[in-house]
Amino acid sequence: MKHRAQPDRDSAFGARRLGPAARLGSRSLQSFSLAVLFIAGASVALLWLVSLYGDALRDPRYLDGWILVAAISLQIGFHIAVKSIRLSPKAAAKWRKTHIFLGYALIAVFVSHCDFSLPDTGLEWVLWTVVVLIICSGIFGTYLSWSRQSKSGIEDWIAPDRIATRRAEIAQNVHATVTTSSPAAELALPTQPHDGWIMDLYSTSLAHYFSGVRDISAHLVGSHRPLKRLIDEIDALSRYVDPPGKNKLATIRLLVIEKDRLDSAAVHAALSKAWLFVHVPVTYALVVLTTLHVVVVYAFASGAW
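In this text, residue positions in the sequence shown follow the working numbering: the first is 21, and each later residue adds one.
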């Protein structure tokens with residue numbers, strides 16, 4: 021029966037790590053499909069409207085240009101509303117979805133405004149580069165949002181400023197667990213060196229793992245392979261140690277899983293903070309450049325220059 025308990029623990033581990041994704045899988049797929057259809061439909065409608073404007077023998081760049089200006093104003097309004105108005109979580113989520121959908125739909129308008137070609141002047145190149153940076157950072161921000169949802173609110177159970185403190189507490193708990201001698205060792209009875217085996221596992225794998233944030237690239241792509249390798253090491257050793265050793269390894273196993281969640285939360289918190297330092301300033305730079313672009317375009321159109 022002891023050998024049959026191992027798959028049960030593995031199943032529990034899989035449920036803890038993959039359960040949120042499994043529960044949200046079909047619903048997320050449905051929401052994603054609806055979002056793609058909405059964005060595609062909005063893009064096609066905007067391009068069709070611009071083509072009608074062009075068929076009326078007017079310069080379509082004026083229409084899609086003002087659509088971009090209106091959309092940028094709405095996006096800035098979203099940021100101001102989130103920062104200055106106390107919104108409920110539900111209202112903030114709706115604003116965020118509208119912000120994301122509108123941003124993706126405007127990619128088609130931006131391509132249309134560029135006339136499917138690269139810029140000509142220096143100002144146009146700067147404006148084009150800023151818009152591309154906003155698009156790329158927006159896509160990355162969408163990925164971060166999806167990643168947090170797929171992990172079932174990984175930041176909801178611990179504040180970002182508590183991650184380092186809790187990680188240090190776990191490291192101390194693991195060290196204390198490993199260095200605690202079993203009753204047989206304290207009596208100096210002739211037994212297998214189970215505590216030595218556990219200490220060797222700690223020295224070769226666990227000490228480094230608990231000394232800081234690990235497996236950053238794996239957390240970025242949502243891979244559980246590094247964690248699974250470490251869990252497999254613990255489970256493999258658990259088959260050969262005595263009951264006190266099994267209890268030690270079971271405690272260590274739970275702390276390893278919690279440490280993995282802390283690392284994932286730390287990585288996503290750092291990325292979210294860094295992302296804001298890119299996306300928000302570039303967006304406000306776009307406002308200034310757009311204003312300058314409008315002034316230049318209408319100045320040339322009126323013959324002032």
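Note that beta-carbon positions come from the ideal geometry of N, C-alpha and C, so glycine has one too.
The structure presented is a predicted model; accordingly, all values stated were derived computationally and were not measured.
query: So, residue 100 versus residue 302, is the Cβ gap smaller than 8 Å?; result: no
query: In chain order, which continuous runs of the alpha helix (DSSP H) of length 4 or greater are located wholly inside the region 284-315?; result: none
query: Just reading off the alpha helix (DSSP H) that residue 240 is part of, what are its end residues?; result: 236-241
query: Taking all protein chains shown into account, decide if residue 181 is buried (16 or more other Cβ within 10 angstroms of its Cβ) or exposed.; result: exposed
query: In whole angstroms, give me the CA-to-CA distance for residue 79 and residue 121.; result: 27 Å
query: State the Cα-Cα distance for the pair residue 102 and residue 112, rounded to the nearest angstrom.; result: 7 Å
query: Nearest CA to the CA of residue 131: which residue from 118, 151, 115, 114?; result: 151
query: In whole angstroms, what separates the C-alpha of residue 124 from that of residue 184?; result: 36 Å
query: For residue 81 and residue 293, what's the separation of their Cα atoms in angstroms?; result: 36 Å
query: Is the region 297-316 touching the region 246-263 in the sense that three or more CB pairs, one from each, lie closer than 8 Å?; result: no
query: Give the straight-line distance between the Cα atoms of residue 318 and residue 247, rounded to the nearest whole angstrom.; result: 59 Å
query: Should residue 161 and residue 299 be called a contact, given that it needs their Cβ atoms to be closer than 8 Å?; result: yes
query: Let's test the definition: count the other Cβ atoms within 10 Å of the Cβ of residue 280 and tell me whether it reaches 16, buried, or not, exposed.; result: buried
query: Look at residue 194 and residue 282 and say whether their C-beta atoms are less than 8 Å apart.; result: no
query: Output yes or no for whether 8 Å exceeds the beta carbon distance between residue 85 and residue 133.; result: yes
query: Enumerate in chain order the residues of its own chain whose CB-to-CB distance from residue 286 is below 6 Å, with the five nearest sequence positions on each side excluded.; result: 183, 233
query: Roughly how many angstroms separate the alpha carbons of residue 148 and residue 139, rounded to a whole number?; result: 7 Å
query: Suppose you measure from the CA of residue 224 to the CA of residue 230; what does that come to, to the nearest Å?; result: 12 Å
query: Nearest-angstrom Cα distance between residue 259 and residue 243?; result: 26 Å
query: Quick check: what's the CA-CA separation for residue 252 versus residue 270?; result: 12 Å
query: For residue 73, collect the residues of the same chain with a Cβ closer than 6 Å to its Cβ; drop the 5 residues on either side in sequence, then sort them by chain order.; result: 80, 83
query: Can you tell which of 135, 272, 165, 199 has its C-alpha closest to the C-alpha of residue 295?; result: 165
query: Could you give the first and the last residue of the continuous alpha helix (DSSP H) run that contains residue 132?; result: 109-133
query: Within 10 angstroms of its Cβ, does residue 192 collect 16 or more other Cβ (buried), or is it exposed?; result: exposed
query: With DSSP run on the structure shown, which of helix, strand or coil describes residue 195?; result: helix
query: Beta-carbon within less than 8 Å of residue 304's beta-carbon, same chain only, minus the 5 sequence neighbours each way: which residues are those?; result: 96
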